[in-house]
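Student: The following block contains the structure, expressed as structure tokens.
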Amino acid sequence: MYTIPSAFKDFIAPDCDRAAFIQNYLEKAGLEAPIMQMEGKNHIYVKFPQNHYNPMFRIKTVIAHYDRFPGSPGANDNSAAVFCLMEWAKSVVSTGSTTGGQYFHNIRLIFTDGEELGAAGGVVEQGAFPLAQVFRRLGITNDDIYVFDCMGRGDVPILAQTILPHKTPGKFVKEFSALEQRAANLLHASANGRWFSLPVSYSDNASFIANGIPAVAITMLPSAEVTAATQGLQPQTWQLLHTPQDNLASLTPQSFEIFYNILNNLAAMKILA
Numbered sequence: 001m002y003t004i005p006s007a008f009k010d011f012i013a014p015d016c017d018r019a020a021f022i023q024n025y026l027e028k029a030g031l032e033a034p035i036m037q038m039e040g041k042n043h044i045y046v047k048f049p050q051n052h053y054n055p056m057f058r059i060k061t062v063i064a065h066y067d068r069f070p071g072s073p074g075a076n077d078n079s080a081a082v083f084c085l086m087e088w089a090k091s092v093v094s095t096g097s098t099t100g101g102q103y104f105h106n107i108r109l110i111f112t113d114g115e116e117l118g119a120a121g122g123v124v125e126q127g128a129f130p131l132a133q134v135f136r137r138l139g140i141t142n143d144d145i146y147v148f149d150c151m152g153r154g155d156v157p158i159l160a161q162t163i164l165p166h167k168t169p170g171k172f173v174k175e176f177s178a179l180e181q182r183a184a185n186l187l188h189a190s191a192n193g194r195w196f197s198l199p200v201s202y203s204d205n206a207s208f209i210a211n212g213i214p215a216v217a218i219t220m221l222p223s224a225e226v227t228a229a230t231q232g233l234q235p236q237t238w239q240l241l242h243t244p245q246d247n248l249a250s251l252t253p254q255s256f257e258i259f260y261n262i263l264n265n266l267a268a269m270k271i272l273a
């Protein structure tokens, strides 16, 4: 059974400089993680070695916000996903060094700042909105974009249902549907077929969709809460968000194990560019 590292407590401490924590944590593993400043927000880009990429295959952009709601430890929203991703990044660097540089995962990893601002101000206030605009301006529109949010509680991965506007261009609908199917296949393979799709509040995926770039969001829930959600009840996990009760005691280590499976399977996924 996975044990949440003691360093996680430092990451959710009230006075933690979370951007510096992420940079220092990854630096110890030999990974640079420079800040990308955009409109007052500090996004963090993880620089994997170049031999971790193969241009024959599609890039998979993985995004998790590291900011948290004021007054909340943010253990699940979104420290669990961020910490898991840092641990995974450390492991793939180690794997790459022991395979003679032949290992590649084609994952572009970004930790975003300012996701919580979208709850009050709408999608254009999200920190990821200018990031998505940069992707669009640079022509980075062919990535598979996966947004992970609240991955630290439960045993059932949840693929967020997205209802596209009626007048959405057919090309976008086709690309988005294909990405959704790949995401569904990923979750099915990673959790012994136990996954679900539910309406979920938008995360950073909203910023990319608003800029015409397909992106899916994935979260986690306990199986009992999934059943309740299908009956119109709000999951307890979501009731804890943005409160002091979103703390270490609310997390389930099994969620971390499932998330690792998702990340490892995503890294192994190879789609021709």
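So the sequence shown is numbered by UniProt numbering: it starts at 1 and just counts up by one.
Think of the CB as a built atom: it goes at the ideal place given N, C-alpha and C, for glycine as much as any other residue.
Which residue's Cα is closest to the Cα of residue 81: 204, 152, 2?
Tutor: 152 is the residue among 204, 152, 2 whose C-alpha sits nearest the C-alpha of residue 81.
Student: Kindly indicate which three-state DSSP category residue 245 falls into: helix, strand or coil?
Tutor: It is coil, neither helix nor strand.
Student: Could you give the C-beta distance for residue 22 and residue 111, rounded to a whole number, given that I count them as a contact under 8 Å?
Tutor: 6 Å
Student: Excluding five sequence neighbours on each side, which residues of the same chain lie with their C-beta closer than 7 Å to the C-beta of residue 243?
Tutor: 72
Student: Spell out the partners DSSP gives residue 281 in its beta bridges.
Tutor: This structure cannot settle anything about residue 281, because the visible part of the chain is limited to 1 through 273.
Student: If you draw a straight line from the alpha carbon of residue 74 to that of residue 51, how long is it in whole angstroms?
Tutor: 34 Å
Student: Do residue 123 and residue 226 have their C-beta atoms within less than 8 Å of each other?
Tutor: no
Student: What's the gap between the Cα of residue 55 and the Cα of residue 273?
Tutor: 7 Å
Student: May I ask which residues mark the beginning and end of the beta strand (DSSP E) holding residue 221?
Tutor: 216 to 221
Student: Measure from the alpha carbon of residue 63 to the alpha carbon of each residue in 223, 239, 215, then state which is nearest.
Tutor: 215
Student: In whole angstroms, what is the alpha-carbon distance linking residue 166 and residue 249?
Tutor: 42 Å
Student: My assumption, with CB atoms under 8 Å, is that residue 208 sits in contact with residue 132. Please give the rounded CB distance.
Tutor: 5 Å
Student: Roughly how many whole angstroms lie between the Cα atoms of residue 17 and residue 65?
Tutor: 14 Å
Student: From the DSSP output, in three-state form, read off residue 231 for me.
Tutor: coil
Student: Once the 5 residues before and after residue 53 are set aside, which same chain residues still bring their CB inside 7 Å of it?
Tutor: 104, 106
Student: Quick check: what's the CA-CA separation for residue 274 versus residue 84?
Tutor: What the structure shows of the chain is the stretch from 1 to 273, and residue 274 is not part of that stretch, so it cannot be assessed.
Student: Between 241, 211, 48, which has its C-alpha nearest residue 219's C-alpha?
Tutor: 241
Student: Would you tell me roughly how many angstroms separate the C-alpha atoms of residue 141 and residue 134, rounded to the nearest one?
Tutor: 10 Å
Student: Which residue's Cα is closest to the Cα of residue 30: 177, 92, 253?
Tutor: 92
Student: With a 10 Å radius around its C-beta and 16 neighbouring C-beta atoms as the bar for buried, classify residue 137 as buried or exposed.
Tutor: Burial state of residue 137 is exposed, judged by a 10 Å Cβ sphere holding fewer than 16 other Cβ atoms.
Student: Consult DSSP for residue 54 and reduce its assignment to one of helix, strand or coil.
Tutor: coil
Student: Got a sec? Which residues, its chain only, sit under 6 Å from residue 113 by beta carbon, not counting five neighbours each side?
Tutor: 41, 42, 43, 67, 127
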